[in-house]
Amino acid sequence: MEYRILGKTGLRISRLGFGGIPIQRIDAEGTRPLIRQLLEAGVNYIDTARGYTVSEEYLGAALEGIRDHFVLATKSMARTREAMAADIDISLKNLRTDHIDLYQVHNPSLQQLEQVIAPGGALEALQEAKAAGKVAHLGVTAHSLEVFEKALTLDWVETIMFPYNIVETQGEALIREAARRNIGFIAMKPLAGGALEDAALAMRFLASKPDVTVLIPGMAASSEIEVNLAAVADTSPLTAEELARMEEIRKTLGTQFCRRCNYCAPCTVGINIPSVFLMQGYYNRYGLQDWAKARYGAMDVKASACIECGACESRCPYELPIREMLKKAARDFGE
Numbered sequence: 000m001e002y003r004i005l006g007k008t009g010l011r012i013s014r015l016g017f018g019g020i021p022i023q024r025i026d027a028e029g030t031r032p033l034i035r036q037l038l039e040a041g042v043n044y045i046d047t048a049r050g051y052t053v054s055e056e057y058l059g060a061a062l063e064g065i066r067d068h069f070v071l072a073t074k075s076m077a078r079t080r081e082a083m084a085a086d087i088d089i090s091l092k093n094l095r096t097d098h099i100d101l102y103q104v105h106n107p108s109l110q111q112l113e114q115v116i117a118p119g120g121a122l123e124a125l126q127e128a129k130a131a132g133k134v135a136h137l138g139v140t141a142h143s144l145e146v147f148e149k150a151l152t153l154d155w156v157e158t159i160m161f162p163y164n165i166v167e168t169q170g171e172a173l174i175r176e177a178a179r180r181n182i183g184f185i186a187m188k189p190l191a192g193g194a195l196e197d198a199a200l201a202m203r204f205l206a207s208k209p210d211v212t213v214l215i216p217g218m219a220a221s222s223e224i225e226v227n228l229a230a231v232a233d234t235s236p237l238t239a240e241e242l243a244r245m246e247e248i249r250k251t252l253g254t255q256f257c258r259r260c261n262y263c264a265p266c267t268v269g270i271n272i273p274s275v276f277l278m279q280g281y282y283n284r285y286g287l288q289d290w291a292k293a294r295y296g297a298m299d300v301k302a303s304a305c306i307e308c309g310a311c312e313s314r315c316p317y318e319l320p321i322r323e324m325l326k327k328a329a330r331d332f333g334e
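Spelled out as structure tokens, the structure:
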């Protein structure tokens, strides 16, 4: 396993990290062997969040007795001092630890980031927790370039997490600047929210980028860990064939697609928006029309039920035209 220093934090972490979103789909008992597998493979960086429902709790149970072998990172969408202080204590309890190595401000808008750093904002609670030894280091996660750029100027920011993958390369100039400023860069959405099917190719792409400190694919199965480990271990240059496949993926997928982050939820009329777009992707890109149509047909609320209120678009970190995309899905599926 290759290890890197996580920017200003000085933490020595594995190049491959563990993204804790998908373990919500399994259970606490199923999480234990995954964490043991990570330990044996030398993966020592674990990412989770207060917003990932039971993820912190499952990880806390799985880490009992081996917690000190890992660098634990979590995050909160709290914007005020009071709410952040409460979330930090909940994270400590869930993770069954007396300290968290990296605590991050989770996906603020530019306006919310200003609230975080203003008097009475979440930063006060983070700095108090740091002084008390509850939290060791601080970072920011972002989906917009404006927030990424702003975070680079804040002296308390030690790490930045931002989407980076084969089809989302819009942050590359800022990623280079983060490296220049010794701010650790954490690559999230390495599979573009599941839109990239070739996990090995996606990991190879990121592992070839020297300014990426750690990549954190979500993993909920032993086989997924094995695929990602093998891909990151292969340090040979990307081949002409791999580069050609990446270019074809870019042409096919484009940039206007759902990453299944689920920030758009809840839909006013109950449409499962990410699932609609997932089935549409199978329908249009992978030649699985009958399979996708059958599963779309089983959904309780179809894309055609959209009342165009726009609530989902106001919450989408990628500013997708969800209403128009739902109309196209309804046309594709005929309902």
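Note that numbering that gives the first Met the number 0 gives residue 107 to position 108 of the sequence shown, counting from 1, and the numbers run on in steps of one. Built from N, CA and C at the ideal position, the CB exists for glycine as well. What you are looking at is a predicted structure, and each value in this text was computed from that prediction instead of being measured.
Could you please give the first and the last residue of the uninterrupted alpha helix (DSSP H) stretch that includes residue i?
i	result
Pro32	27-40
Ala232	221-232
Leu368	Residue 368 falls outside the range modelled here, since the chain spans only 0 to 334, and no answer is possible.
Gly59	54-61
Leu91	80-94
Val115	109-116
Phe332	321-332
Glu176	171-179
Glu312	310-314
According to DSSP, what are the bridge partners of residue i?
i	result
Lys74	Gln103
Leu125	None, per the DSSP bridge assignment.
Ser13	Tyr2
Pro209	Pro209 pairs with nothing; no bridge assigned.
Phe161	Ala186
Asp46	Gly18, Ala72
Gly217	Gly18
Gly120	Thr79
Rounded to the nearest angstrom, what separates residue i and residue j at their Cα positions?
i	j	result
Leu94	Thr234	33 angstroms
Leu62	Ser303	45 angstroms
Gln23	Ala130	32 angstroms
Leu287	Ile65	44 angstroms
Ala329	Tyr295	10 angstroms
Leu319	Phe256	8 angstroms
Ser143	Glu247	25 angstroms
Ala191	Pro162	8 angstroms
Asp210	Ala172	10 angstroms
Trp290	Ser274	14 angstroms
Lys7	Asp97	22 angstroms
Ile272	Ala264	8 angstroms
Tyr57	Ser222	19 angstroms
Leu37	Ala220	11 angstroms
Phe204	Thr168	11 angstroms
What is the C-beta distance between residue i and residue j, in whole angstroms, given that I count them as a contact (C-beta under 8 angstroms)?
i	j	result
Arg78	Val115	6 angstroms
Ile45	Phe69	5 angstroms
Leu122	Asn164	With a Cβ gap of about 29 angstroms, Leu122 and Asn164 do not count as contacting.
Asp299	Gly269	7 angstroms
Ala186	Ile159	Incorrect: roughly 10 angstroms between the Cβ atoms, too far for contact.
Gly217	Ile12	The pair is not a contact, with the Cβ atoms about 17 angstroms apart (cut-off 8 angstroms).
Would you mind sorting residue i into buried or exposed? The rule is 16 or more other CB atoms within 10 Å of its CB.
i	result
Asp67	exposed
Lys399	Absent from the model: residue 399. The displayed extent of the chain is 0 to 334, so no value can be given.
Val146	buried
Lys74	buried
Asn181	exposed
Ile381	There is simply no residue 381 to check, as the chain begins at 0 and stops at 334 in what is shown.
Thr338	The structure shown has nothing for residue 338, since the chain only spans 0 to 334.
Met0	exposed
Lys92	exposed
Ala230	buried
Leu33	buried
Ile174	buried
Just reading off the beta strand (DSSP E) that residue i is part of, what are its end residues?
i	result
Asp289	First-last for Asp289: 288-296, but that is the alpha helix (DSSP H), not the beta strand (DSSP E).
Thr251	Here Thr251 belongs to no beta strand (DSSP E); instead the alpha helix (DSSP H) covers 239-252.
Leu137	134-140
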